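So in full-length UniProt numbering, spot 154 of the sequence shown is number 154, and the numbers just go up one at a time.
Just so you know, even glycine gets a beta-carbon here, dropped at the ideal spot from N, CA and C.
None of these values were measured; they are calculated from a predicted model.
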Amino acid sequence: MTITSFNPPRRTLMGPGPSDISPQVLAALSKPTIGHLDPLFIGMMDELKTLLQYAFQTKNDITMAVSAPGSAGMETCFVNLVEPGETVIVCINGVFGNRMKENVERLGATAVVVDGEWGRAVDPAQLDACLKAHPEAKFVAFVHAETSTGALSDAKTLCAIAKQHDCLTIVDAVTSLGGVELRVDDWQIDAIYSGSQKCLSCVPGLSPVSFSPAAVEKIKARTTKVQSWFLDQTLVMDYWADNAGGKRSYHHTAPVNSLYALHESLLNLYNEGLENAWKRHADQHKALATGLAELGIKFIVPESERLPQLNAVYIPEGIDDVNVRSYLLNEFNLEIGAGLGAFAGKAWRIGLMGYSAKNENVLLCLAALKQALK
Ligand SMILES: *Cc1c(COP(=O)(O)O)cnc(C)c1O
């Protein structure tokens with residue numbers, strides 16, 4: 001057997017993530033590796049924290065990137081905040097809400113489900129009714145942007161309802177961060193996690209997280225040890241907190257070059273401006289939606305609840321899912337996403353995330369789909 005270097009083709013990534021990565025971010029990745037306790041690296045990490053606070057719109061001191069993908073960010077939030085025997089209300093309207101429930105149950109806690117319709121936003125009235133029926137609940141968890149269905153929930157309203165019932169809020173912002181309006185402090189979000197490879201257009205494998213002062217207090221008041229050693233924030237906080245006084249101690253080896261890339265992608269977002277980035281996603285979504293309508297392709301989610309960065313559409317009748325996606329990949333180097341969960345085989349998910357949300361991608365996708373449908 002002869003093994004040679006791996007040379008991936010240059011694809012256009014318009015699926016549910018990873019998204020296209022800009023040449024600057026890829027270049028940042030190949031800069032020289034330095035030690036993760038090198039003073040220059042620590043200076044870069046301080047900037048990274050400031051950039052993350054900007055992206056999340058938060059002043060939270062505990063704002064950092066977990067050294068693992070979005071799923072680990074999810075697990076970080078649940079494993080640190082929730083103790084065995086506690087009750088968490090989990091709103092489920094797609095695949096990722098289900099994963100939250102899995103997390104809660106594996107911790108020996110109780111998940112009370114607000115069972116929502118797939119392809120729709122979480123219903124605030126349903127959450128309110130559930131909170132009234134479960135005064136023992138300490139947390140409300142939901143997915144802001146449900147990537148499996150393309151639905152955007154009203155995070156501000158859902159958090160406000162949770163707060164009326166004295167609950168801490170845990171929010172999945174893996175697909176929403178950088179793509180749609182998100183304001184952690186204004187909206188009273190206590191624990192939030194995201195992913196590097198969706199609207200931040202960075203390499204996969206990092207999960208930005210942030211904890212409010214109330215969440216930190218809850219973690220510090222734990223009576224049981226955090227089950228996971230690696231994700232235990234009480235051990236990592238010292239590395240990231242301001243009060244570390246510049247003294248960073250070893251917990252695990254930081255993924256140095258991936259963090260350079262995250263720094264660069266967040267700097268791009270900062271230079272563009274959050275509002276401008278949100279508008280760019282909305283504009284590109286409109287252009288794509290107009291073109292899809294001309295091809296007779298219909299959206300799953302009602303217009304007012306749609307995610308601009310993840311367009312979930314029904315596969316037209318008589319069209320073979322796998323044939324079309326292979327054709328796009330082989331003939332146009334274009335990746336779009338398949339349906340997930342209840343939508344497997346019935347839907348396509350067309351991503352317009354981060355660097356992928358641009359004119360040339362929208363036009364390529366529409367032209368390639370038109371050709372494929374012929
Ligand atoms: C992609 C995604 C995740 C999981 O992120 P990974 O980086 O794949 O682990 C979680 N939640 C949502 C909403 C996602 O879109």
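Range covered by the alpha helix (DSSP H) that runs through residue i
i, result
"Phe6", "Unbroken run through Phe6: none, as it is neither H nor E."
"Tyr193", "Taken as a continuous stretch (DSSP letters only), Tyr193 belongs to no alpha helix (DSSP H), being part of the beta strand (DSSP E) at 191-193."
"Met1", "Careful: Met1 lies outside any alpha helix (DSSP H) and carries neither H nor E."
"Thr76", "70-81"
"Ile42", "39-56"
"Leu13", "Counting along the chain, Leu13 falls outside any alpha helix (DSSP H), though it belongs to the beta strand (DSSP E) covering 12-14."
"Ile219", "213-220"
"Leu177", "Element bounds for Leu177: n/a, residue is neither H nor E."
"Phe96", "95-106"
"Val322", "321-332"
"Glu360", "359-373"
"Pro124", "124-133"
"Thr290", "274-294"
DSSP state of residue i mapped onto helix, strand, coil
i, result
"Ile350", "strand"
"Leu267", "helix"
"Gly337", "strand"
"Pro208", "strand"
"Phe230", "coil"
"residue 375", "One cannot answer for residue 375 here, as it falls past the ends of the chain, which runs 1 to 374."
"Asp185", "coil"
"Ile62", "strand"
"Ala111", "strand"
"Ile315", "coil"
"Thr149", "coil"
"Leu310", "strand"
"Thr157", "helix"
"Val90", "strand"
Buried or exposed by the 16-neighbour rule on C-beta atoms within 10 Å, applied to residue i
i, result
"Tyr260", "buried"
"Met237", "buried"
"residue 418", "Past the edges of the chain, shown from 1 to 374, lies residue 418, and the structure says nothing about it."
"Ser258", "buried"
"His252", "exposed"
"Ile319", "exposed"
"Pro84", "exposed"
"Asp20", "buried"
"Asn93", "buried"
"Met1", "exposed"
"Ser30", "exposed"
"Glu303", "exposed"
"Lys198", "buried"
"Val25", "buried"
"Ser5", "exposed"
"Ser249", "exposed"
"Glu117", "exposed"
"Gly43", "exposed"
"Gly70", "buried"
Boundaries of the beta strand (DSSP E) in which residue i is found, first to last residue
i, result
"Pro23", "Premise fails: Pro23 lies in the alpha helix (DSSP H), 23-29, not in any beta strand (DSSP E)."
"Cys167", "First-last for Cys167: undefined, no H or E at that position."
"Lys138", "137-143"
Distance between residue j and residue i (C-alpha atoms, nearest Å)
i, j, result
"Gly150", "Ser212", "28 Å"
"Ala282", "Gln309", "8 Å"
"Thr326", "Thr12", "Before going further, note that residue 326 is Ser rather than Thr in the sequence given. Approximately 14 Å, taken between the alpha carbons."
"Pro23", "Ile170", "34 Å"
"Met74", "Met100", "7 Å"
"Pro124", "Phe56", "23 Å"
"Leu187", "Asp172", "What sits at residue 187 in the sequence shown is Trp, not Leu. Cα-Cα distance, rounded: 14 Å."
"Tyr193", "Leu51", "15 Å"
"Met353", "Lys370", "22 Å"
"Arg349", "Leu328", "13 Å"
"Tyr314", "Phe332", "21 Å"
"Glu360", "Glu272", "19 Å"
"Glu294", "Leu334", "20 Å"
"Ile62", "Leu373", "49 Å"
"Val256", "Ala72", "18 Å"
"Leu206", "Ala137", "30 Å"
"Ala344", "Met14", "17 Å"
"Thr76", "Pro16", "22 Å"
"Val209", "Thr223", "23 Å"
"Ser356", "Asp232", "34 Å"
"His165", "Leu131", "7 Å"
"Ser67", "Ala254", "7 Å"
"Leu363", "Phe299", "18 Å"
"Ala129", "Ala162", "11 Å"
Neighbour flag for residue i against chain C, beta carbons, 8 Å
i, result
"Leu206", "Looking at the structure shown, chain C is missing, and only one protein chain is on hand."
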